[in-house]
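> Residue numbers (mature numbering (1 follows the signal peptide of the UniProt record, and there is no 0)): -15 to -1, 1 to 111.
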Amino acid sequence: MQRLACVALVRRVSAASLVPAAAGQMSLRFSSQNYVNKVAKKKVEEGDDERWLEAELDENINTPEERYARSREIERLRKLVSEMDAKHAGHLQEAVRERKSQVDLLKKQVDDLQQKIELLSKRDKE
């Protein structure tokens, strides 16, 4: 009985000492309030840097979850752009075919008109 009580006591003590240490590390790791980019802050305060937004949105401030979410968003946007490119490629090819047929029709009309002009000019000479 005493041995079980001793084991339980050791478990409680070891778990009790790990919880505050882990909580302290986790809060420091995931909080962006403690991090200050001193160089960017100095540039913003002095007004030397026009890219103040870049200084405000420094990548070092982002938590791992935010970086993961951003990478997923970029992947989704790339997929959307590729889908739009594929969709518009079909429309573009169709438009090219239409323009080509219109150009061919106009060339034929120009050739017909040139033949008529030549025919009329020959008649006038006779």
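For every residue, glycine included, the Cβ atom is placed at its ideal position computed from N, Cα and C. The structure presented is a predicted model; accordingly, all values stated were derived computationally and were not measured.
1. Using the Cα positions of Arg108 and Lys85, report the straight-line distance between them to the nearest angstrom.
2. Tyr20 by DSSP, collapsed to three states: which one?
3. From which residue to which residue does the alpha helix (DSSP H) around Glu58 run?
4. Label Ala74 either buried or exposed according to how many other C-beta atoms from any shown protein chain fall within 10 Å of its C-beta, with 16 as the threshold for buried.
5. With distances taken between CB atoms, is the gap from Ile59 to Tyr20 smaller than 8 Å?
6. Taking just the CA atoms, how far does Arg52 sit from Glu31?
7. For Ala80, count neighbouring C-beta atoms within 10 Å of its own C-beta (all shown protein chains included) and say buried if the count is 16 or more, exposed if not.
Quick look at the numbers:
1. C-alpha separation (whole angstroms): 35 Å.
2. It is coil, neither helix nor strand.
3. Membership of Glu58 in the alpha helix (DSSP H) is indicated by the continuous run 49 to 110.
4. So Ala74 counts as exposed.
5. Not closer than 8 Å, so no.
6. If I take the Cα positions, the gap works out to 29 Å.
7. Exposed is the call here.
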